Ligand SMILES: C[S@@+](CC[C@H](N)C(=O)[O-])C[C@H]1O[C@@H](n2cnc3c(N)ncnc32)[C@H](O)[C@@H]1O
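Residue numbers (my numbering): 281 to 571.
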């Protein structure tokens with residue numbers, strides 16, 4: 281089968297996808313598998329595809345037809361110019377998360393000897409992007425509970441030759457490993473989908489781990505408990521930044537204010553949805569039992 285014949289076959293089999301989305305996916309799949317750029321694919325369109333590569337490509341079409349995410353088939357996905365290894369068991373880095381990384385990078389720019397922790401790190405995409413953005417000015421820590429996701433974090437840590445200090449742990453317990461007023465910034469993109477909504481998510485997302493999605497009955501479980509347990513670990517004047525789901529701003533803002541975080545700000549994503557909420561810890565931290 282030639283490249284052109286494969287494209288015809290794939291388009292026929294994946295006609296349930298939007299044309300522009302399908303065109304983009306097939307371009308990425310072919311570029312990755314055949315190690316050719318778009319121009320080379322066009323020039324070589326009548327060239328026979330090597331049999332082992334063809335088997336992989338046909339299998340990829342079959343898996344995509346079932347909704348299996350392209351990113352898992354490829355085994356990696358680019359996030360802010362960083363190649364992040366992914367597969368079943370770890371959340372695929374989303375472009376929306378860029379807003380969170382950019383916000384913290386801007387807030388921390390020109391500061392030195394920073395200590396920042398990424399809670400619920402998954403593949404580590406936020407931690408590695410912060411490391412790239414802040415360089416030697418920051419020591420980045422990262423915590424992830426899932427065994428499978430943490431394996432991907434470790435693979436990325438190695439392939440990126442990173443210095444991020446990662447640990448497998450539960451964020452609802454791990455806070456006790458740090459002294460009070462330790463971090464300049466605590467950042468998290470936690471699970472934030474309401475439990476009842478998970479079954480209604482699009483097919484691709486259903487292949488991603490429930491542990492990465494399930495934010496409890498009202499979707500706010502992690503915001504409430506991270507604020508409660510981690511606030512004492514932030515230095516006075518330090519920063520707390522969350523990625524949030526659509527429509528969660530008012531509730532997350534209220535949780536943060538109630539925990540002793542002030543100067544609440546938000547940032548919108550490319551679609552105009554409030555995606556990031558940030559705030560500054562006021563000097564006095566309420567005791568956990570007072571909250
Ligand atoms: C929404 S995903 C975000 C992953 C990554 N930070 C990103 O932006 O792509 C949430 C992550 O939290 C992890 N997680 C869930 N419960 C946790 C807990 N109690 N402690 C630590 N990590 C947890 C999940 O396994 C998942 O990797």
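From the three backbone atoms N, C-alpha and C, an ideal C-beta is built for every residue, glycine too.
Owing to the predicted nature of the structure, the values given are computational and were not obtained by experimental measurement.
Check your understanding: Which residues bound the alpha helix (DSSP H) around residue 382?
Key -> 378-388
Practice item. Find the nearest neighbour of residue 516 within the set 508, 540, 475 and 292, judged by alpha-carbon distance. Key: 540
Review point. Around the Cβ of residue 352, are there at least 16 other Cβ atoms within 10 angstroms (buried) or fewer (exposed)?
Key: buried
**Study point:** Helix, strand or coil at residue 344 according to DSSP, with G and I counted as helix
**Key:** helix
Check your understanding: Using DSSP with H/G/I as helix, E/B as strand and the rest coil, what is residue 398?
Key -> strand
Review point. Is the stretch 493-513 touching the stretch 544-553 in the sense that three or more CB pairs, one from each, lie closer than 8 Å?
Key: no
Point to revise | Pick from 307, 397 and 328 that is closest to residue 319, judged by C-alpha positions | key: 307
Review point. Going by DSSP, which residues form a beta bridge with residue 493?
Key: Answer by DSSP bridge pairing: none, since residue 493 is not bridged.
Review point. What is the DSSP secondary structure of residue 425, reduced to helix, strand or coil?
Key: coil
Point to revise | Rounded C-alpha distance that separates residue 302 from residue 509 | key: 44 Å
Check your understanding: Comparing alpha-carbon positions, which option in 441, 440, 497 and 405 lies nearest residue 469?
Key -> 405
Point to revise | Given 8 Å, three or more beta-carbon pairs between the stretch 526-533 and the stretch 550-561 | key: yes
Check your understanding: For residue 355, does the count of other Cβ atoms within 10 angstroms reach 16, so buried, or fall short, so exposed?
Key -> exposed
Review point. Regarding residue 507 and ligand 1, is the C-beta to nearest heavy atom distance less than 7 Å?
Key: no
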